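Per full-length UniProt numbering, the very first residue in the first sequence carries number 1; after that it's consecutive. Backbone N, C-alpha and C fix where the C-beta goes; we use that ideal spot for every residue, glycine too. No experiment lies behind these values; they were computed from the predicted model shown. Take a look at the structure set out below.
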Amino acid sequence: MEPNRLMMRDCKINRILCILEQTYPEAHCELNFRNPFELLVATILSAQTTDQKVNKVTAVLFERCPTPKKMLEITPREFEEIIRPIGLFRTKAKNILQTCELLIEEHHGDVPSNLDDLVKMPGVGRKTAGVVLANAYGIPALPVDTHVLRVANRLGLSREKDPSKVEKELTALIPMELWIDTHHRLIFHGRRLCHARKPECPVCPLKDCCPVFTSAS
DNA sequence: ATCCCGAGGG
DNA sequence: CCCTCTGGAT
1 MEPNRLMMRD
11 CKINRILCIL
21 EQTYPEAHCE
31 LNFRNPFELL
41 VATILSAQTT
51 DQKVNKVTAV
61 LFERCPTPKK
71 MLEITPREFE
81 EIIRPIGLFR
91 TKAKNILQTC
101 ELLIEEHHGD
111 VPSNLDDLVK
121 MPGVGRKTAG
131 VVLANAYGIP
141 ALPVDTHVLR
151 VANRLGLSRE
161 KDPSKVEKEL
171 TALIPMELWI
181 DTHHRLIFHG
191 RRLCHARKPE
201 CPVCPLKDCC
211 PVFTSAS
């Protein structure tokens, strides 16, 4: 128990951020988009799937419906068929089409650049809103998804299980100019090494800072 | 079988 | 906190 405390004191947040930067210097959003509207739609679609599958579907969708107005011109049924391969297609179709209506009625067809308005869109929670703010507008955000949550818990950066509480703790801990990159790096790390089931601790660059590894060995 | 870069609802 | 929505990959 003493060794753990010392270990954690040695490897504070700066060390973790530094290793993350060296390990995943190019971490970035892997969704394909050309403007805030496309990113908003792609991000709503990305729940419970991979970016690669979303990109396949949006390549077709954005070609046919590049604006909220165009998206409402095809039938909901046609819309569902286009996005069907990614799953959860009925819920997502309904949310996206309602979001398009809201964008037109209350935002002149533009995607709002603040969290409060974004979260009012159906199908848009903190995570989706954060991704849009960060990647479409360059506004500092550190949205917490399942990867970020899991990795932050394991590294001892937060003990909370509620994503919004974890977000608060992380943003308090990390300099604002690093929020966006850190979000992407934690996700890459969660996907590459820090898997939900079987984390690859022996080859993890963060193992010396991580309570999971140091307490297991 | 079980898991995906979630959100909304009970 | 738990459940459901969905299909596809593994």
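Practice prompt. For K70, count neighbouring C-beta atoms within 10 Å of its own C-beta (all shown protein chains included) and say buried if the count is 16 or more, exposed if not.
Written response: Exposed.
Practice prompt. Classify K94 as helix, strand or coil using the three-state DSSP reduction.
Written response: Reduced to three states, the DSSP call for K94 is helix.
Worksheet item: For I139, which of helix, strand or coil comes out of DSSP?
Response: Looking at I139 - three-state DSSP - the assignment turns out to be coil, as it is neither helix nor strand.
Worksheet item: Taking DSSP as the reference, what is the three-state secondary structure of P36?
Response: P36 carries a helical assignment under DSSP once its states are collapsed to helix, strand and coil.
Worksheet item: If you measure from the CB of L118, is any heavy atom of the ligand COA nearer than 8 Å?
Response: This structure lacks the ligand COA; in fact it carries no ligand of any kind.
Fill in: Inter-residue spacing [alpha-carbon to alpha-carbon] between N14 and K198
Roughly 26 Å between the two C-alpha positions.
Worksheet entry | 7 Å Cβ shell around K207 - same chain, five flanking residues per side excluded | Cβ within range, chain order: C201, F213.
Item to complete: Just list the alpha helix (DSSP H) runs in the UniProt domain "HhH-GPD" (45 to 192), keeping only unbroken ones of 4 residues or longer that don't cross its boundaries, in chain order.
Response: Within the UniProt domain "HhH-GPD" (45 to 192), the complete alpha helix (DSSP H) runs of at least 4 residues are 51 to 64, 68 to 71, 76 to 83, 89 to 107, 115 to 119, 126 to 137, 146 to 155, 163 to 173, 179 to 192.
Worksheet item: What number of angstroms, rounded off, separates the C-alpha of V60 from the C-alpha of P36?
Response: For V60 and P36, the distance between alpha carbons rounds to 17 Å.
Fill in: Supposed close pair P85, V119 - CB separation, criterion 8 Å
With 8 Å as the limit, P85 and V119 do not qualify as a contact, their Cβ atoms being about 27 Å apart.
Discussion item. To the nearest angstrom, how far is the alpha carbon of residue 229 from that of I174?
Written reply: In the structure displayed, the chain extends from 1 to 217; residue 229 sits before or after that span and is not available.
Discussion item. Could you give the first and the last residue of the continuous alpha helix (DSSP H) run that contains P211?
Written reply: DSSP places P211 in the uninterrupted alpha helix (DSSP H) bounded by 211 to 216.
Worksheet item: Does the Cβ of P68 have 16 or more other Cβ atoms within 10 Å, making it buried, or fewer, making it exposed?
Response: With a 10 Å radius around the Cβ and a threshold of 16 neighbouring Cβ atoms, P68 comes out buried.
Discussion item. For the segment 118 to 134 against the segment 36 to 55, do three or more pairs of beta-carbon atoms, one drawn from each stretch, fall closer than 8 Å, so that the two count as touching?
Written reply: A contact between stretches requires three or more CB pairs, one per stretch, nearer than 8 Å, and the segment 118 to 134 meets this requirement with the segment 36 to 55.
Discussion item. For residue 219, tell me which candidate among R77, L97, H147, C204 has the shortest Cα-Cα distance.
Written reply: In the structure as shown, the chain starts at 1 and stops at 217, and residue 219 therefore has no counterpart that could be examined.
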